[in-house]
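In UniProt numbering, the protein residues as written are 1 to 429.
Glycine is no exception: its CB is placed at the ideal position from the N, C-alpha and C atoms.
Keep in mind the model is a prediction, meaning the values are calculated, not measured.
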Amino acid sequence: MDPVYEEPETSNVSETDEEPETSDVSETDEEPKLPSAVQDLIRRLEGKREPITSLPNLSMTKLRKFFPDSAALSTITRWRSQVRLRVLEAIGNCNTLKFLDVRAICDGDISRCWLNLASGLRGNSKSKLQSLELWEAWGDSSAGKHVADMINSAPLLQTLRLTSRSKLDDEAVGMLSQALIQSSSLQELRLKEVAWGAALLLKALAGDDDGWTRRWQQLGEVMRDNAIATDIRVEYRWGIDEDSRKSTEALACAASSDVKDPTVELAFTHSRAHDYGLPLNLLGRVLRGEIRTLKSFYILRYGYTRSDKDTRSNEDGLESILSMNGNSGETSVLKKLRLQAFNKDNVKSVLRCLRGNTNITHFSLSSSNIGEDAFTDLMGILRGNTSLTHLAWHLTGFRRPKLATWREFHNLYHTTGSAFGMKREKYLY
């Protein structure tokens, strides 16, 4: 554990002496003494004290006057600017850092330390960096080259997380993709809110990109045929439009193969009840075995309130969307299913689809309005699915079923849990 940083020493540095102009300091002038917190961090980064493997949040420590979380760089001048650059140089040249998240340095705004940090990291051939997380690193036109150089200079890099709401030109995407191709150690790549993510992956995995219309389908085909991509997670937040649904469906269908299927996790997080239609349609195809790529499926709800509990769905529409069409569900490859803030009709339709499913091992249900027939359906799942190892439900505001049904459900739940080695997780309020 990193030691707690001490208050900066002030006996040798007054407020007026702390930030001298660079031009005012001659070769014969004595520079102000560094605060003890800065000295300690630099010594550890240089390997002169206990090695450091990850950085504390500098804006939350005694170094915050050099790394404020919101102040403009133009306000960090004179001596504070020199100290700041010295710390960044030590971070870039450090041979013991294994985990680096730029939020620890500049609260995610990498433009505040970008050039100094990148120059050190890309020139460190002895780097032991295993995990690198970059947020909004793309404002500068040379950002793509800098990040590519950083990847190439980290021979032990296993995890790379990139977040960007900015556009990146084709040349920069090409540089990044080449760095990914050449990295022999990279095991995990996470792209969050990255508009050019599909293009980057296609260039890295297939060496080509034919544009948006076929991009996601191509990406699925590449994932299926390329041994590099074995675990993929796709997450949508704040709703999904028709184009996004088609793109996701194209990705999942194209990645499906009788020979080799990658493990794909798909998560939808919504803020409105009527956003459930599109992911439920995709879930129906997965449960029927039409899409044999998705191993984990999550439909979550953000900002749920009790006033949402009476929101009704079109039951006839749900029956057509989630109908098994005579399929027993045995062809489905889905292993993990998590449903949050579902209303009564949604719960009933999904549970009926699961009665013949023999592959799901993890099932989690959160609902505020559930009928007695849902417990009957849950009992059917418990009786028929011997592969279920994790079952969790969180029910609020529901009407408890008849005592006989309630007892039967609990007896069956505990009996099957013991018989199958099930991890029983229940939350009833």
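{"Query": "Euclidean distance between Cα positions of residue 150 and residue 175", "Result": "12 Å"}
{"Query": "Where residue 75 sits in the DSSP three-state scheme", "Result": "helix"}
{"Query": "Three-way DSSP call (helix, strand, coil) for residue 373 in this model", "Result": "helix"}
{"Query": "Beta-carbon proximity of residue 45 to residue 106, cut-off 8 Å", "Result": "no"}
{"Query": "Per DSSP, cross-strand counterpart(s) of residue 38", "Result": "Residue 38 is not bridged to any residue."}
{"Query": "Any C-beta of chain D under 8 Å from that of residue 104", "Result": "In the displayed structure, chain D is absent; only one protein chain is listed."}
{"Query": "Proximity below 8 Å, CB of residue 131 to CB of residue 159", "Result": "yes"}
{"Query": "Alpha-carbon to alpha-carbon, residue 356 and residue 378", "Result": "12 Å"}
{"Query": "Proximity below 8 Å, CB of residue 333 to CB of residue 292", "Result": "yes"}
{"Query": "For residue 65, the first and last residue of its enclosing beta strand (DSSP E)", "Result": "That residue, residue 65, is in no beta strand (DSSP E); it is neither H nor E in DSSP."}
{"Query": "Extent of the continuous beta strand (DSSP E) to which residue 188 belongs", "Result": "188–192"}
{"Query": "Own chain, CB closer than 8 Å to residue 66, minus 5 neighbours either side, in chain order", "Result": "38, 58, 76, 80, 83, 84 and 87"}
{"Query": "Cβ-based burial, residue 171 [other Cβ within 10 Å; buried from 16]", "Result": "exposed"}
{"Query": "Limits of the beta strand (DSSP E) - the one that residue 160 falls within", "Result": "159–163"}
{"Query": "Assigned exposure category for residue 122 - 16 Cβ within 10 Å defines buried", "Result": "buried"}
{"Query": "Beta-carbon contacts of residue 117 that lie in its chain and below 6 Å, excluding the five residues immediately before and after", "Result": "88 and 92"}
{"Query": "Residue 132, enclosing beta strand (DSSP E) - first and last residue", "Result": "131–135"}
{"Query": "Supposed contact pair residue 185 and residue 156 - C-beta distance, whole angstroms, cut 8 Å", "Result": "6 Å"}
{"Query": "Residue 181 - DSSP class collapsed to helix/strand/coil", "Result": "helix"}
{"Query": "Cβ neighbours of residue 265 in the same chain (closer than 6 Å, five flanking residues each side left out)", "Result": "233 and 296"}
{"Query": "Close beta carbons around residue 133, own chain, < 6 Å, minus the five adjacent residues each side", "Result": "101 and 161"}
{"Query": "DSSP three-state assignment for residue 89, whether helix, strand or coil", "Result": "helix"}
{"Query": "Cβ shell of residue 189 (< 6 Å), same chain only, five flanking positions each side left out", "Result": "160"}
{"Query": "Extent of the continuous alpha helix (DSSP H) to which residue 345 belongs", "Result": "344–354"}
{"Query": "Close-in-space but distant-in-sequence residues of the same chain around residue 352 (CB under 7 Å, 5 per side omitted)", "Result": "377"}
{"Query": "Spatially closest choice to residue 358 from 53, 288 and 147, by CA coordinates", "Result": "288"}
{"Query": "Endpoints, the beta strand (DSSP E) within which residue 101 is located", "Result": "99–101"}
{"Query": "Burial state of residue 47, where buried means 16 or more other Cβ atoms lie within 10 Å", "Result": "exposed"}
{"Query": "Cα-Cα separation, residue 432 to residue 283", "Result": "The structure shown does not extend to residue 432, since the chain is modelled only from 1 through 429, so no value can be given for it."}
{"Query": "Beta-carbon proximity check, residue 298 vs residue 267, cutoff 8 Å", "Result": "yes"}
{"Query": "Inter-residue CB distance, residue 54 and residue 97 (contact presumed, cutoff 8 Å)", "Result": "7 Å"}
{"Query": "Reference residue 135; option with closest CA among 166, 120, 127 and 346", "Result": "166"}
{"Query": "Buried or exposed (CB count within 10 angstroms, at least 16 for buried), residue 50", "Result": "exposed"}
{"Query": "Selected residue, minimal CA-CA separation from residue 337, among 374, 344 and 294", "Result": "294"}
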